[in-house]
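Student: Before we start, here is the structure in question, set down as structure tokens.
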Amino acid sequence: ATSTDTFNYATYHTLEEIYDFIDQLVAEHPQLVSKIQIGNTYEGRPIYVLKFSTGGNNRPAIWIDTGIHSREWVTQASGVWFAKKITEDYGQDPTVTSILDNLDVFLEIVTNPDGFAFTHSQNRMWRKTRSRTSGSFCIGVDPNRNWDAGFGKAGASSNPCSDTYHGKTANSEVEVKSIVDFVKNHGNIKAFISIHSYSQLLLYPYGYTSEPAPDQKELHQVAKSAVTALASLYGTKYQYGSIIDTIYQASGSTVDWTYNQGIKYSFTFELRDTGRYGFLLPASQIIPTAQETWLALLTIMEHTQTHPY
Amino acid sequence: SEDFVGHQVLRISAANEAQVQKVAELQDLEHLQLDFWRGPARPGSPIDVRVPFPSIQAVKIFLEAHGIGYEIMIEDVQTLLDEEQEQMSAFRAR
Chain A
163 ATSTDTFNYA TYHTLEEIYD FIDQLVAEHP QLVSKIQIGN TYEGRPIYVL KFSTGGNNRP
223 AIWIDTGIHS REWVTQASGV WFAKKITEDY GQDPTVTSIL DNLDVFLEIV TNPDGFAFTH
283 SQNRMWRKTR SRTSGSFCIG VDPNRNWDAG FGKAGASSNP CSDTYHGKTA NSEVEVKSIV
343 DFVKNHGNIK AFISIHSYSQ LLLYPYGYTS EPAPDQKELH QVAKSAVTAL ASLYGTKYQY
403 GSIIDTIYQA SGSTVDWTYN QGIKYSFTFE LRDTGRYGFL LPASQIIPTA QETWLALLTI
463 MEHTQTHPY
Chain B
59 SEDFVGHQVL RISAANEAQV QKVAELQDLE HLQLDFWRGP ARPGSPIDVR VPFPSIQAVK
119 IFLEAHGIGY EIMIEDVQTL LDEEQEQMSA FRAR
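Okay, here's the thing in structure tokens:
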């Protein structure tokens with residue numbers, strides 16, 4: 163693509179193509195978008211985050227990440243679409259404009275670059291990182307079980323060969339530690355949204371305990387509004403609730419950690435498909451998925467803006 | 059590249075807690091090389107599992123022996139992956 167206008171959002175792309183897209187978007191909107199490298203992966207690839215900011219100093223911020231599970235390709239593809247959408251809507255759409263006039267948005271499109279590259283080259287079904295575990299021939303850690311929130315409890319595996327292997331220690335994965343350091347150093351992130359596929363869910367903490375989150379009532383209402391907005395476009399039905407009540411116990415997960423860090427508006431999505439294609443969602447569904455998800459994201463972002471804490 | 063020819067994804071419907079536990083037992087059978095896309099949680103909640111071709115018969119017999127319902131969600135994973143690759147290649151060529 164010669165510009166982000168001619169980029170094809172309706173097909174899946176390799177890591178290199180997505181990184182080129184990121185550079186192009188930054189070049190086209192230098193006043194709004196910048197690229198931050200928050201670390202390097204286990205295999206040495208750069209980990210990039212896009213920062214959308216209209217100025218200010220360490221403004222309250224919203225974090226969105228896609229693709230921490232590498233095989234969930236519709237999430238990285240949606241992340242690309244979100245990035246373009248933000249640049250299109252700033253100055254045009256009053257909601258987006260208002261959000262960006264008051265808050266910064268951070269978007270990590272490929273949260274697990276090693277895994278993503280591996281899904282393109284060797285194993286389309288790869289989910290984990292690509293780090294080696296001493297004493298095991300199996301590779302990789304589930305980066306959504308590697309956070310310091312109920313780490314190693316029920317709902318994660320201690321078997322390095324399992325797809326839900328939690329790793330030797332919390333934050334053992336550099337892809338996770340890079341975000342942890344970034345979030346801690348920033349200190350002013352107010353919403354954290356981690357996007358997965360599939361099964362059409364919008365979830366909030368907790369996953370490692372059945373104790374309700376102190377803000378459960380509010381989170382439940384926000385989730386309800388968000389899935390209502392999402393469904394308004396194509397009628398896609400989402401369930402919502404806490405992770406443990408809605409799917410199953412999962413320890414060491416991303417948004418449990420962010421919530422425990424004081425980021426009240428911590429949510430995780432499971433995008434489209436209720437049992438036809440699973441992780442192999444056809445590319446023709448990328449744009450509709452991103453469009454409907456965007457409406458839910460806007461609801462959460464707007465609530466974050468209007469409910470400062 | 060890893061080959062997924064003949065792999066099927068089954069959508070399993072466990073009707074009660076005992077059936078959920080039975081499906082959970084499958085997770086521990088490493089030789090079957092099962093890939094749970096949606097793990098066993100509670101009765102009524104669908105369980106999706108990718109089953110490599112050599113394990114399909116054993117898994118289906120196991121489910122049927124315990125009266126656990128299932129349907130084939132994806133008939134052949136590799137066919138879908140081939141379509142995905144063809145589509146990506148076509149766009150690149152264009």
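In order, the protein sequences belong to chains A and B.
When you read off a place in the first sequence, starting at 1, and then add 162, the result is the number in this note's numbering.
When you read off a place in the second sequence, starting at 1, and then add 58, the result is the number in this note's numbering.
The C-beta atom is built at its ideal place from N, Cα and C for all residues, glycine as well.
#1: Counting only Cβ pairs nearer than 8 Å, list the residues of chain B close to residue 184/A.
#2: May I ask you to report which of helix, strand or coil DSSP gives residue 286/A?
#3: Of the choices 424/A, 432/A, 253/A and 293/A, whose alpha-carbon is the least far from that of residue 403/A?
#4: With distance defined between alpha-carbon atoms, name the residue in 323/A, 386/A, 440/A and 248/A nearest to residue 88/B.
#5: Classify residue 305/A as buried or exposed, calling it buried when 16 or more other Cβ atoms lie within 10 Å of its own Cβ.
#6: At a CB-CB cut-off below 8 Å, which residues of chain A make contact with residue 160/B?
#7: Under three-state DSSP, which class holds residue 214/A?
#8: Which residues bound the beta strand (DSSP E) around residue 138/A?
#9: Which residue comes first and which comes last in the beta strand (DSSP E) that contains residue 352/A?
#10: Using a Cβ-Cβ distance cut-off of 8 Å, determine whether residue 169/A contacts chain B.
#11: Please classify residue 128/B: does DSSP put it in a helix, a strand, or coil?
#12: Tell me which residues of the region 76 to 109 of chain B have at least one Cβ-Cβ distance to chain A shorter than 9 Å, keeping chain order.
#13: At least one CB of chain A closer than 8 Å to the CB of residue 59/B: is that the case?
#14: When the Cα atoms are used, what is the spatial distance from residue 201/A to residue 91/B?
#15: Return the Cβ separation of residue 352/A and residue 421/A in integer angstroms, given the expectation that the two are a contact with Cβ distance under 8 Å.
#16: Classify residue 43/B as helix, strand or coil using the three-state DSSP reduction.
Tutor: According to the data block:
#1: Within the first sequence, the letter at position 22 stands for residue 184/A. Going along chain B, no residue has its Cβ under 8 Å from residue 184/A, so there is no contact; the nearest lies around 19 Å.
#2: Along the first sequence, one-based indexing puts residue 286/A at 124. It is coil, neither helix nor strand.
#3: Translated into the one-based positions of the first sequence, residue 403/A becomes position 241. Cα-wise, what sits closest to residue 403/A is 432/A.
#4: Sequence index remark: in the second sequence, residue 88/B carries index 30 (1-based). Ranking the options by Cα distance to residue 88/B, first place goes to 323/A.
#5: Here residue 305/A is taken as the residue at index 143 of the first sequence, counted from 1. Buried, because 16 or more other Cβ atoms sit within 10 Å of the Cβ of residue 305/A.
#6: Given that chain B is displayed from residue 59 to residue 152, the structure contains no residue 160/B and the question cannot be resolved.
#7: For this step, residue 214/A is matched to residue 52 along the first sequence. Note: residue 214/A maps to strand in three-state DSSP.
#8: The shown model of chain A, from 163 to 471, leaves out residue 138/A, and the question about it has no answer.
#9: Here residue 352/A refers to the residue found at position 190 of the first sequence. Its beta strand (DSSP E) spans residues 351 to 359.
#10: Taking the first residue of the first sequence as 1, we reach residue 169/A at position 7. With 8 Å as the cut-off, residue 169/A does not count as an interface residue toward chain B.
#11: Locating residue 128/B in the second sequence gives position 70, counting from the first residue. DSSP places residue 128/B in strand when its eight states are reduced to three.
#12: 85, 88, 93, 94, 95, 96, 97, 98, 99, 100, 103, 104, 106 and 108
#13: For the purposes of this step, residue 59/B is identified with residue 1 of the second sequence, where counting begins at 1. Output row for residue 59/B: interface = yes.
#14: In the first sequence, counting from the first residue as 1, residue 201/A sits at position 39. In the second sequence, counting from the first residue as 1, residue 91/B sits at position 33. In a straight line, the C-alpha of residue 201/A is about 33 Å away from that of residue 91/B.
#15: Stepping through the first sequence from its first residue, residue 352/A is reached at position 190. Stepping through the first sequence from its first residue, residue 421/A is reached at position 259. With a Cβ gap of about 12 Å, residue 352/A and residue 421/A do not count as contacting.
#16: There is simply no residue 43/B to check, as chain B begins at 59 and stops at 152 in what is shown.
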